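Protein chains in written order, with my numbering: chain L, 1 to 324; chain V, 1001 to 1407. We treat Cβ as the ideally placed atom computed from N, Cα and C, and that holds for glycine. Since we're looking at a predicted model, the values are computed, not measured. To start, the structure itself, in structure tokens.
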Amino acid sequence: MITMEAGSPGWAARLRRRLRDGDVPFRFLAAAFATVVVALLVAIVGVTWQGSASARAAFGLRFLTGTAWNPVAGQFGALPAIYGTIVSSAIALLLAAPPGIMIGVFLSDLCPQRLRWPLSLMVELLAAIPSVVYGMWGIFVFVPFFRSVIATPVSRALGDTVPLLAGPVSVGRGLLVAGVILAIMILPTIAAVSRDVLAVVPNHQREALLALGATRWEVIRHALLPCARAGIVGAMMLGLGRALGETMAATMVIGNTPRIDRSLFQPASTAASLIASQLPTANTELHSSALVFLALVLFLITLLANSLARLLVWRVAGAAGRSR
Amino acid sequence: MFSRSGKRLGTLLALLVVAALGLVACGGGGDSTPTHAGGSGATSTPAAGTPARAGGSGATSTPAAGTPAKGDSWAPRNLKVTLTGSGASFPDPIYQRWIEDYRSVAPGVTINYQSVGSGQGKNDFINGVTDFGGTDAFMTDEELARAPGTLHIPTVLGAVTLTYNLPGVEGLRFSGPTIAKIFLGQVTSWNDPAIAADNPGVELPDQDITVVHRSDGSGTTAIFTDYLSKVSDEWASRVGSGTAVQWPVGIGAEKNPGVTAAVQQTPGAIGYVELIYALANDLPAPAIQNAAGNYVEPSLESVSEAAAGFLAELPDDLRVSITNPPEGENAYPIAGFTWILVRSEYQDEAKAQALTDFLYWALTQGDASARELHYAPLPDPVRKLAIEKLGQVKVNGVPVFTPPAQQ
């Protein structure tokens, strides 16, 4: 770029021409990649469908409602894993969305200029930490802290009246703590994407409200958030997707017991963690087939969540009059 | 989004450095990848100068000429070949060590062993993906039917030890039925009469028991549940044995470190780990009562003795579970073999020669490094049987290895 003389008019024209001439090949290339994605998706569904054949034959739809997971007896039911997946992800989303959006607002509108970049960078770095590190931190730092400071006193005080918080807390690993770790993991994703969509809200929206004498809070409440609503929902869904499919961190802190317990302090299991722990050593055809079936179910859950998000975004975007 | 100003580059770099340091600090441990990159896997050629052998057509090969010499003067044949194997993660450290050491003995032989778990290792071997397999659980008859003629070569012994966290109480010992009751959820407090009966004179606290088990499928779980099935009929009928079972009580943790961490963080917790892990990390390993009625602490010697306790009923194919051995005053009862799976008929002569040479070397020269890494070596009679098995490896019906006469 430096060697190019910006002043020569012929260069810019030639470049523009070349780009235009490149239209066709580029379009072809892009379409090819898009096709590959579709093909990959079809292949994955095909493989999981095929791999789960014997489990589907043995259990059918009862697989979705079965609660036993007994490799020795050859009985497999996915309900505990489905329950663990959905509840832990829901907890994560519930805990991470409000602060995530607030961080986004802070970074895009309230943060002093000098702090904005270091803070943004740190948020993005947090998003890039491998999940196994979160898991380790969970096992050695957060779970012991959570157990002694929150779980044990809470279950002692409320456990008898609220079954959701019943003890004993024992090791401390369980559904709630997994949800909290997942929340910490998806927080930066939600924050970073929220910040980006808030940053592109046109300035005249802010200025218009300020001109009317609105306070900072009113600007955020009535201009920023409505304008960026679709994008914020997208950010939340991105986070939810990460939580649903998260394997390593969940495996390390959830307690890996495919059982449905009414209390959030008790160990549970997610679909991804069950697959990751048992697939390498699945000794019987039926066992590995059931795990592949579980993968198919997880795939469907993710698909459902994504479709729901799409629907939500469309509705929200429609309501906001596509003002972006 | 970030490309607004060059000033920020400094901040970015500083943060990257911090992040990199953090990652390095956290990156330790984890799974061990094979150290040797695979060379030319397909083109295995016996090097020139080896015993007279026709390269490709194995039918004309003469096995007798030049096979290993006797006694101490034995040396592996000079081959240039790559062997691939996969399987159990429990023996991975010792296999990697043997492979490393063997390179100085037979420089032309490259061996890859990937620790992917016993189940995957067996599948790879049955599907013909690998030249040999590694497994902590011997093949079932059904699996053998899919890979007829598979030989089980035991290499080292593993054992499972209990680990518990009871502040102020040390040196506890357990009988088999007590362990079964604890893991069945029938004994729920440390001052239960069953535990007290195993530990006369020990002041036991009124503390709830938290059971911790492995959540990932593992040979450790297989050995442990196999033992429980033998000492408790109720365990055998209600839970059974396998690499993964439906635990009646407790909480699942990932691998040995996960179980250890959970136990150490929780007063009143009890779990089980591999003996090599316990020894390497100085975890106290309680004594377990064996069939002879003695409480025996796990050690390399007591584990080897467990294998010796089964000599009388050792099946010909060496597929045997050695938990709760019927004989042996000092046999530790929760132990098991780990095996290398070998075909009895290979297509590639060089591979078959290199594999049998390597296994013979490992079985005869590998004990010192095994002990160093806390693996219990095979008792001599079992070693002898394992070496005899190597003589059954053939190419086109002709044995490729003649075991040297043993002392």
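Query	Result
Three CB pairs or more closer than 8 Å across the stretch 77 to 92 of chain L and the stretch 163 to 182 of chain L	yes
Contacts of V:D1208 in chain L (Cβ-Cβ under 9 Å)	P168 and S170
Three-state secondary structure (DSSP) of V:A1147	coil
Backbone CA spacing between V:V1116 and V:I1094 [nearest angstrom]	15 Å
Cα-Cα separation, L:L279 to L:L291	7 Å
Residue nearest to V:V1273 in terms of C-alpha spacing, selected from V:N1256, V:T1266 and V:P1286	V:N1256
Under 8 Å by beta carbon: chain L residues contacting V:V1239	V72
Three-state secondary structure assigned by DSSP to V:F1337	strand
Three-state secondary structure (DSSP) of L:R173	coil
Contact set between L:M252 and chain V, taken where Cβ atoms lie within less than 9 Å	A1253, E1254 and G1258
Selection from V:W1247, V:V1382, V:E1234 and V:V1212 that minimises the alpha carbon distance to V:V1263	V:V1212
8 Å contact criterion, which V:L1390 and V:P1403 should meet: CB distance rounded	6 Å
L:P280: contacting residues in chain V (beta-carbon distance under 7 Å)	V1116, G1117, G1119, Q1120 and G1217
Which residues DSSP lists as bridging V:H1152, in chain order	V:L1341
Interface flag, V:V1398 vs chain L, CB-CB below 8 Å	no
Nearest-angstrom Cα separation, counted from L:T189 out to L:A331	Summary: the structure shown does not reach residue 331 of chain L, with chain L confined to residues 1 through 324, and so no result is reported for it.
Separation of L:V253 from L:V143, as counted between CA atoms	8 Å
Same chain only: Cβ atoms within 8 Å of L:Q75, ignoring 5 sequence neighbours per side	G66, A68 and W69
Buried versus exposed, by CB contacts within 10 Å (16 or more), V:A1075	exposed
Rounded straight-line distance, which links the Cα of V:V1259 to that of V:A1197	27 Å
Short Cβ contact (8 Å threshold) for V:A1354 with V:V1129	no
For V:Q1114, the residue or residues it bridges with in DSSP	V:S1086
Coil, strand or helix - V:D1206 by DSSP	coil
Contact set for V:D1208: own chain, Cβ-Cβ below 7 Å, skip 5 residues either direction	T1188, S1189 and G1268
Cross-strand partners of L:W69 (DSSP beta bridge)	L:F76
Supposed close pair V:A1253, V:S1215 - CB separation, criterion 8 Å	6 Å
L:M185 and L:S131 closer than 8 Å at C-beta	yes
Contact list for V:T1338 against chain L, beta-carbon separation under 9 Å	The contacting residues do not exist; V:T1338 stays about 14 Å from chain L at best.
Bridge partners - L:V197, DSSP secondary structure assignment	In DSSP, L:V197 forms no bridge with anything.
N-terminal and C-terminal residue of the beta strand (DSSP E) that V:G1252 is part of	I1251 to A1253
C-beta atoms of V:A1306 and V:V1156 nearer than 8 Å	no
Alpha helix (DSSP H) segments (min. 4 residues) lying fully within the stretch 1213 to 1258 of chain V	1219 to 1231 and 1233 to 1238
Interface residues of the stretch 173 to 200 of chain L facing chain V [CB-CB below 7 Å]	R173 and D196
Residue burial classification, L:G239 (beta-carbon count within 10 angstroms, cutoff 16)	buried
Straight-line Cα distance separating V:E1345 from V:V1400	10 Å
Beta-bridge pairing of V:R1173 - partner residues as DSSP gives them	V:A1287
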